[in-house]
Every structure is written in structure tokens, then in C-alpha cells.
Amino acid sequence: MTSVPILFQWQGGKSRLADWIVPRLPPHRAYVEPFAGTAAILLAKPPSPIEVLNDLNEDIVTVYRCVQDPRLWRRLYRRLRWTPISRVEWEQAIEPTDDPVERAARFLIRHVQGFGGKPGGGAWGGGLAEDTPLKYQRLLQRLKVVHERLQTVALECASWESIVDRYDRPDTVFYCDPPYLTAEEEQRGRGAYRVGAFTTDHHAALIQRLLTIRGMVLLSGYAHPLYDQLDAAGWHRETRQVSVGVLARTSASGRHHQLRAEDYRTECLWWNPAAWRQARRQLTWSDLEAF
Numbered sequence: 001m002t003s004v005p006i007l008f009q010w011q012g013g014k015s016r017l018a019d020w021i022v023p024r025l026p027p028h029r030a031y032v033e034p035f036a037g038t039a040a041i042l043l044a045k046p047p048s049p050i051e052v053l054n055d056l057n058e059d060i061v062t063v064y065r066c067v068q069d070p071r072l073w074r075r076l077y078r079r080l081r082w083t084p085i086s087r088v089e090w091e092q093a094i095e096p097t098d099d100p101v102e103r104a105a106r107f108l109i110r111h112v113q114g115f116g117g118k119p120g121g122g123a124w125g126g127g128l129a130e131d132t133p134l135k136y137q138r139l140l141q142r143l144k145v146v147h148e149r150l151q152t153v154a155l156e157c158a159s160w161e162s163i164v165d166r167y168d169r170p171d172t173v174f175y176c177d178p179p180y181l182t183a184e185e186e187q188r189g190r191g192a193y194r195v196g197a198f199t200t201d202h203h204a205a206l207i208q209r210l211l212t213i214r215g216m217v218l219l220s221g222y223a224h225p226l227y228d229q230l231d232a233a234g235w236h237r238e239t240r241q242v243s244v245g246v247l248a249r250t251s252a253s254g255r256h257h258q259l260r261a262e263d264y265r266t267e268c269l270w271w272n273p274a275a276w277r278q279a280r281r282q283l284t285w286s287d288l289e290a291f
């Protein structure tokens, strides 16, 4: 199956790592993402009999629900199709609304027209960014493709704990991509989830729950002392060097600038023992030589 593109960019999104992660998913009946974000891995993988996307961010889940719905996705398409690139539109998109289609549209407008898509944050970039019209074209083209892909996907907006408890089965694979925590970010107080705080204590709770899970787990993150207990418990780890934001745009010029050469991170991917036993059976010899 051809990979389906993501609808929006999000900090920590895995679209650039999908070709690394998807082939490493073990055989499974149910696929669950407790921290969906851009859903880059689900959109890049072949469909499974059971698939679940969960995110605590109501804006993100509203987007997926509208895109999934046969009627609402057409309303959303028309709303975006006739939305001008305008500071007024961007400012309106920051305001809350109770209408689900309008809420989804405003979320996407913030991401297409702004520098950063957070409500109450970022800045309008439509007049400075030469690629804004192209972003709109791509978004409109992707809506129908994502609509079709989501038809058999269950959407949840709940805590990761409730999702793990609800779907934990031996034939379930959980791909967990929580907000990352590094020692440096912890010291600076930046280890926070976008909806509520996802701090050191929450990471510790996640690790303890995953250590007792019945199903299979793939976990993305950065190396951190908290995660050392996974290695001690027999989890398999693979790493890859990844540049953080290959190109950045300044709001002053609207031009792209290369980030610092040292601005790289080591992405880690952990398998719990159950997932690793199944995954290694389908890896090629060249894959195994890399470990």
C-alpha cells in the first residue's frame, strides 16, 4: 500500500522516520497509537484488522473525526478551499469555536498560515512565506486520501492509561510516541505535554505500565536515565541520528536558513521482548546485520 501523507506538521511528528519504523512493526491484529499526533506511522503502514488512534488534544481528534466523516470532510474541504491567505483569517483561527468543522478548519489554518500552530501562540506567516499557497494545495489534495484511509480507524480522545488498559491484548501492538523528555529539557522545565503536563513522573508511570503490558510495544524517545530500566528488562533498542528541523524559517525574512550542524538528536526505538520476538522474524538479513 502506498503511504498516505500527513495533514499537518507537529513537533515530534514521525513522517521522516516512517520508513524506518513501519518495517519494524511486528505482525499484529490490532494497531494502537496512544499518542497519535500526526498519525504518520498509521498513515504509512498497511491497514490492520483493528486500528485505533488516540490523542488527548481535542483539536487533533476533531480534525481526524471531521476528515473521517463522509459529510463533514466535504464541508471542511469547502471551508479550506475558499479560505484566503489573510492575517484576519489567521487571527480568527486562534479564537475558540464549538462547531467541529470550524474547529478543525481553524486548527489547519493556524498550521498552514502561521509560524507554529498553537492557539494563542506563533505568528502569522502567510504574507512572508512563499510556500503558503503550495501548502494549501497539498492540504486539499491530502484530505480525500486521508479520509479514505481513516474509514476503518477508531478514534479516541482519552488518557494513554485508559487506552492501554482497554486494548491490551497479546496480538495488539502499541506504537507509543509520547512527548519526549531529555535530561536537558527536564532541567529547563520543557518536558511538558501540549495538553496538560507530561513530566518526569508521567514518563515514569508510562514506563512502569509498559513493563507489565501483555501486548507488543514499540516506543520512541530520546535516551534518558528513566529509560535505562527498559534495557535492564530485556527490551531491544535501535538508534538513528536525526536532524531536528532540517530547515527553519525566520519570521523577519520568510526565508529558509540551515540550522546549526550540531543540531542533531539520537532517536531511539525500543521493542518490548514480545514485540522483538515477532519483529525479528520478518526483518531481512541486511536489517539484522545492522543490529
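Numbering (full-length UniProt numbering), first residue to last: 1 to 291.
Glycine residues also receive a C-beta, built at the ideal position from the N, C-alpha and C atoms.
- Under DSSP, the beta-bridge partners assigned to residue 51 are 31 and 153.
- Between residue 7 and residue 153, the C-beta spacing is not below 8 Å.
- In this chain, the beta strand (DSSP E) harbouring residue 241 covers 236-243.
- Residue 43 is a Cβ neighbour of residue 4, given a cutoff of 8 Å.
- For residue 199, no alpha helix (DSSP H) segment is defined, and its DSSP state is neither H nor E.
- With respect to residue 156, residue 88 sits apart: the two C-beta atoms are not nearer than 8 Å.
- Take the alpha-carbon of residue 266 and the one of residue 223: they are about 8 Å apart.
- In terms of Cβ geometry, residue 207 and residue 181 do not form a close pair [threshold 8 Å].
- When C-alpha distances from residue 49 are compared across 107, 136 and 172, the shortest belongs to 172.
- Distance between residue 46 and residue 134, taken at the CA atoms: about 28 Å.
- For residue 267, the uninterrupted beta strand (DSSP E) segment begins and ends at 264-271.
- For residue 219, no alpha helix (DSSP H) run applies; the uninterrupted beta strand (DSSP E) run containing it begins and ends at 216-222, by DSSP.
- Counting C-beta pairs closer than 8 Å gives fewer than three between the region 227-247 and the region 27-42, which falls short of the contact rule.
- Rounded to whole angstroms, the Cβ separation of residue 26 and residue 54 is 20 Å, and the two are not in contact under 8 Å.
- In the DSSP assignment, the residues bridged to residue 174 are 32 and 217.
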